[in-house]
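Asker:
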Amino acid sequence: MLSKGVVSLLTACLALVAGSTLGAATAGTHRRHLRLPRAGAVNQFPDGFMLGAATASYQIEGGWDADGKGENIWDRMFHEHPEYGTNGDNGDVACDSYHKYAEDVQALKNLNANVYRFSISWARILPNGDTDVINQAGLDYYNSLIDLLLENGIQPLVTMYHWDLPQSLQYIGGWPNPILADYFVEYARVLFENFGDRVKFWITFNEPAAVVSGYASVGRAAPSLPAPGIGDYLAAHTIIKAHARVYHLYQEQYKASQQGYVGITLNSAWNEPATNSTEDIEAAERARQFEVGIYAHPIFSEEGDYPPVMRQRVDANSAAEGRPRSRLPSFTSEEVAYIRGTSDFFGVNHYSSVLSTSGETGTIPSKEHDAGVISYSFDSYPQAASSWLQVIPWGFRKLLNWIAAEYPEYPIIVTENGYSDWGELDDKNRTDYYTSYLAEMLKAINTDGNNVIGYTAWSLLDNLEWTDGFAIKFGLYQVDFNDPERPRTAKDSVQTMAQIYASKELPIEYFE
Ligand SMILES: *[C@@H]1O[C@H](CO)[C@@H](O)[C@H](O)[C@H]1NC(C)=O
Ligand SMILES: *[C@@H]1O[C@H](CO)[C@@H](O)[C@H](O)[C@H]1NC(C)=O
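The sequence shown maps to residues 0 to 511 in numbering that gives the first Met the number 0.
#1: Enumerated in chain order, which unbroken segments of the alpha helix (DSSP H) with a length of 4 residues or greater are wholly contained in the segment 240-270?
#2: Hey, is N275 close to ligand 1, as in C-beta under 6 Å from one of its heavy atoms?
#3: Go to Y186, then tell me how far its alpha helix (DSSP H) extends in each direction, as first and last residue.
#4: Mind reading off the beta-carbon distance from N71 to Q166? Whole number of angstroms is fine, and I expect it under 8 Å.
#5: Anyone know if the C-beta pair for I124 and G137 falls short of 7 Å?
#6: Does the structure place the segment 80-97 close enough to the segment 464-484 that three or more beta carbon pairs sit under 8 Å?
#7: P272: which of I280, L475 and L265 sits nearest, CA to CA?
#8: Give a yes or no on whether the C-beta atoms belonging to S352 and G303 are separated by under 7 Å.
#9: Keeping to the same chain, check which residues put their C-beta closer than 7 Å to that of Y500; ignore five residues upstream and five downstream.
#10: Can you tell me where the beta strand (DSSP E) with T158 in it begins and where it stops?
#11: Is DSSP giving V390 helix, strand or coil here?
#12: Within its chain, find whatever has a CB closer than 6 Å to the CB of N205; leave out the 5 residues flanking it on each side and keep chain order.
#13: Spatial neighbours of D479 within its chain, please: C-beta separation below 8 Å, excluding the five flanking residues on both sides.
#14: Roughly how many angstroms separate the alpha carbons of I507 and W401, rounded to a whole number?
#15: So, helix, strand or coil for E333, using DSSP?
#16: Is it true that the CB of T434 sits closer than 7 Å to the CB of Y375?
#17: What I want to know is whether the C-beta of D479 ends up closer than 6 Å to one or more non-hydrogen atoms of ligand 2.
#18: Below 8 Å, how does it come out for the segment 249-269 and the segment 358-371: are there three or more Cβ pairs, yes or no?
#19: Just the C-alpha distance for H490 and Y476, rounded to the nearest angstrom, thanks.
#20: When you compare the CB positions of T455 and A52, do they come within less than 7 Å of one another, or not?
#21: Just list the residues that DSSP pairs V132 with in beta bridges.
#22: Compute every distance between the C-beta of D491 and the non-hydrogen atoms of ligand 2, then say whether any falls below 6 Å.
#23: Start and end of the alpha helix (DSSP H) containing A295?
#24: Short check: CB of P175 to CB of G230, under 7 Å?
#25: Tell me whether A255 is buried or exposed, calling it buried when 16 or more other Cβ atoms sit within 10 Å of its Cβ.
#26: Relative to ligand 2, is the shortest distance from any of its heavy atoms to the C-beta of P392 smaller than 6 Å?
#27: Out of V493, A315 and P36, which has the shortest C-alpha to C-alpha gap to R326?
#28: How big is the Cα-Cα spacing for Y120 and F48?
#29: For Y115, report the span of its beta strand (DSSP E) as first-last.
#30: Please classify L35 as buried or exposed, where buried requires at least 16 other C-beta atoms within 10 Å of its C-beta.
#31: Do the segment 233-251 and the segment 375-391 meet, that is, are 3 or more Cβ pairs less than 8 Å apart?
#32: Sort S492, G321, H296 and N275 by Cα distance to T356 and report the nearest one.
#33: Please report the distance separating the alpha-carbon of A180 from that of V189.
#34: Taking 6 Å as the limit, name every residue whose beta carbon sits nearer than that to some heavy atom of ligand 3, in sequence order.
#35: Please look up how many angstroms separate the CB atoms of A122 and D163, rounded, as I've assumed it's under 8 Å.
#36: When DSSP builds the beta bridges, which residues end up paired with W174?
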């Protein structure tokens with residue numbers, strides 16, 4: 000366990016992770032400094048590996064209007080449409096981490112975590128989304144959390160945007176409006192100015208694919224607007240540009256003094272071809288390009304820009320629909336060059352795998368229809384509480400290998416991975432999930448030679464699983480949502496994970 004005050008341990012960990020970054024100015028070279036040394040054996044984590052847990056502001060904080068916080072699009076959606084959330088659940092109080100963050104840090108300590116991935120609520124810092132009002136109470140909250148983490152030898156890994164857009168920015172259209180990139184840059188500047196002395200790992204966006212789904216459907220994600228195949232692509236376009244601008248802002252104004260890293264987190268299932276037919280193999284690859292490539296190709300590929308298969312299919316479908324323009328916007332060649340290479344690491348959230356085959360699906364227009372891929376569940380793998388989550392550990396290794404082959408040289412941080420159930424304290428299935436997935440990740444590192452540098456389990460706490468409410472549980476720690484004190488209780492999985500995190504190895508039995 001990392002004991003209180005052992006900041007030198009954190010510094011040592013950081014130094015190993017960070018290497019020598021001085022003088023590494025260009026996007027192409029400095030990411031190589033995040034390469035970890037090879038581990039001694041297949042079941043060991045490399046020296047400097049980050050091991051911890053993850054959460055997100057709206058899912059845990061509560062305090063939805065406390066001390067000057069502004070309204071965000073999830074507050075608005077659930078207040079106007081309680082029926083969108085299972086049992087009418089919302090994030091008004093959630094785990095009350097706004098008041099109980101010290102208990103969260105204690106939970107991380109008991110887990111022997113050396114990293115905590117959390118997100119900052121934009122509207123808690125900038126209630127209007129803009130810098131006309133900077134909410135001191137919001138800055139104080141995150142300063143206290145960050146300081147307490149560091150005192151306990153736990154490194155902050157901070158997500159700037161985990162889906163909770165200030166409502167004031169939705170009034171002007173939200174992410175489909177390109178001006179949102181300007182607002183995001185100014186928000187990021189406030190974060191770098193206030194926290195960048197202590198935060199060395201930044202994630203601009205968590206799961207843009209989920210963010211943009213709020214502009215393509217009703218009742219699933221805020222702001223719940225049904226413009227599929229149009230609004231989601233416009234939102235994606237703004238998000239990619241906003242990410243790149245924040246990356247450049249950091250390089251130009253903060254990197255030299257703060258010495259940190261900026262990346263983005265994309266989510267992906269592993270899409271396995273349903274059969275070995277060329278058609279299915281191509282369908283699975285198309286699914287990956289529409290799911291991950293839409294964001295990763297502009298940022299991480301050598302060529303930049305949207306994946307060619309997306310460009311071609313959306314352009315063709317748009318023309319066939321009689322439209323005068325493609326529904327997928329275009330980057331100028333200057334923008335392609337500006338966006339390419341704007342990440343120090345590849346953050347990935349992964350839970351499960353699906354089978355893919357070619358076929359007509361989705362409404363016209365929609366991203367699903369443009370992709371032309373039908374995905375379905377495997378027959379014979381264990382099912383978690385979430386309908387979309389089956390336990391298929393080998394898919395994790397395949398996904399990590401695909402990312403590393405498709406976007407070579409970028410260090411990978413697994414920013415989410417976890418299992419949902421109905422809340423048992425004896426959560427053997429969760430323990431089995433984590434150990435089997437960690438074993439596959441270690442094979443991807445130690446056997447396949449990929450540079451994965453960190454892992455944050457989803458989630459530290461039971462929390463608001465968005466529209467699934469509090470019924471579905473992902474936590475290592477149980478939270479009693481019927482008790483106003485929201486007590487946290489370690490589940491059995493904490494014991495196994497704490498042992499793995501302390502020893503920096505997975506017992507060899509999990510490889511047999
Ligand atoms: C496809 O081929 C691979 C390699 O030969 C094999 O391992 C796999 O089981 C095959 N998949 C299907 C669905 O037949
Ligand atoms: C654990 O997983 C197995 C296999 O999917 C399932 O049958 C069982 O119900 C799960 N146990 C709990 C407590 O969820």
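Where is the CB? At the ideal position from N, CA and C, for every residue including glycine.
These numbers come from a predicted model, not from an experiment.
Answerer: In this structure, then:
#1: 254-257
#2: As a position in the sequence shown, residue 275 is number 276, starting the count at 1. The answer is yes for N275.
#3: By 1-based counting over the sequence shown, the position of residue 186 is 187. Its alpha helix (DSSP H) spans residues L179 to F194.
#4: Here residue 71 refers to the residue found at position 72 when the sequence shown is read from its first residue. Here residue 166 refers to the residue found at position 167 when the sequence shown is read from its first residue. The Cβ separation is near 6 Å, so the contact holds.
#5: Here residue 124 is taken as the residue at index 125 of the sequence shown, counted from 1. Here residue 137 is taken as the residue at index 138 of the sequence shown, counted from 1. Yes, the Cβ-Cβ distance between I124 and G137 is below 7 Å.
#6: yes
#7: Against the sequence shown, residue 272 aligns to sequence position 273. For P272, the nearest C-alpha among the options comes from I280.
#8: Against the sequence shown, residue 352 aligns to sequence position 353. Against the sequence shown, residue 303 aligns to sequence position 304. Their beta carbons are not under 7 Å apart, which means S352 does not touch G303 by this criterion.
#9: In the sequence shown, counting from the first residue as 1, residue 500 sits at position 501. The residues are L50, L110, N111 and A112.
#10: For the purposes of this step, residue 158 is identified with residue 159 of the sequence shown, where counting begins at 1. T158 -> beta strand (DSSP E) spans Q154 to Y160.
#11: In the sequence shown, residue 390 corresponds to position 391, counting from 1. V390: coil per DSSP, three-state reduction.
#12: Counting from one through the sequence shown, the residue named residue 205 turns up at place 206. Within the same chain, N205 has close Cβ partners T158, H161 and T264.
#13: Translated into the one-based positions of the sequence shown, residue 479 becomes position 480. Excluding residues within five positions, the ones whose Cβ falls inside 8 Å are R485, P486 and T488.
#14: In the sequence shown, residue 507 corresponds to position 508, counting from 1. In the sequence shown, residue 401 corresponds to position 402, counting from 1. Computed Cα separation, rounded: 25 Å.
#15: As a first step, residue 333 is located in the sequence shown; it is residue number 334 there, counting from the start. E333 falls in the helix class under three-state DSSP.
#16: Position 376 of the sequence shown, counted from the start, is the residue given in the question as residue 375. Position 435 of the sequence shown, counted from the start, is the residue given in the question as residue 434. Not in contact: Y375 and T434 (Cβ atoms no closer than 7 Å).
#17: Within the sequence shown, numbered from 1, the residue matching residue 479 stands at position 480. No, ligand 2 has no heavy atom inside 6 Å of this Cβ.
#18: no
#19: Position 491 of the sequence shown, counted from the first residue, corresponds to residue 490. Position 477 of the sequence shown, counted from the first residue, corresponds to residue 476. The displayed chain sequence assigns Lys, not His, to residue 490. Whole-angstrom Cα-Cα distance: 5 Å.
#20: If you number the sequence shown from 1, residue 455 lands on position 456. If you number the sequence shown from 1, residue 52 lands on position 53. In this structure, A52 lies closer than 7 Å to T455 by Cβ.
#21: Position 133 of the sequence shown holds residue 132. Its beta-bridge partners do not exist; DSSP assigns none.
#22: The count along the sequence shown starts at 1 and reaches residue 491 at position 492. Not under cutoff, so the answer is no.
#23: Within the sequence shown, numbered from 1, the residue matching residue 295 stands at position 296. I293 to F299 is the span of the alpha helix (DSSP H), which, as asked, contains A295.
#24: Here residue 175 is taken as the residue at index 176 of the sequence shown, counted from 1. Here residue 230 is taken as the residue at index 231 of the sequence shown, counted from 1. Taking 7 Å as the Cβ cut-off, P175 and G230 qualify as a contacting pair.
#25: To locate residue 255, count along the sequence shown from 1; it is residue 256. Counting Cβ neighbours within 10 Å, A255 comes out exposed, since fewer than 16 surround it.
#26: Sequence index remark: in the sequence shown, residue 392 carries index 393 (1-based). It does not: the Cβ of P392 is nowhere closer than 6 Å to a heavy atom of ligand 2.
#27: In the sequence shown, counting from the first residue as 1, residue 326 sits at position 327. For R326, the nearest C-alpha among the options comes from A315.
#28: In the sequence shown, residue 120 corresponds to position 121, counting from 1. In the sequence shown, residue 48 corresponds to position 49, counting from 1. Here the sequence assigns Ser to residue 120, which means Tyr is not the residue at that position. So the alpha carbons of these two residues sit roughly 27 Å apart.
#29: For the purposes of this step, residue 115 is identified with residue 116 of the sequence shown, where counting begins at 1. V114 to S118 is the extent of the beta strand (DSSP E) around Y115.
#30: In the sequence shown, residue 35 corresponds to position 36, counting from 1. Its Cβ being crowded by 16 or more others within 10 Å, L35 is buried.
#31: no
#32: Stepping through the sequence shown from its first residue, residue 356 is reached at position 357. Answer by Cα proximity: N275.
#33: Position 181 of the sequence shown, counted from the start, is the residue given in the question as residue 180. Position 190 of the sequence shown, counted from the start, is the residue given in the question as residue 189. Computed Cα separation, rounded: 14 Å.
#34: Of the ligands one can find in the structure shown, namely ligand 1 and ligand 2, none is ligand 3.
#35: Locating residue 122 in the sequence shown gives position 123, where the first residue counts as 1. Locating residue 163 in the sequence shown gives position 164, where the first residue counts as 1. That pair is a contact at about 7 Å.
#36: What you label residue 174 is simply residue 175 of the sequence shown in a count that begins at 1. In the DSSP output, where bridge partners are listed per residue, W174 has none listed.
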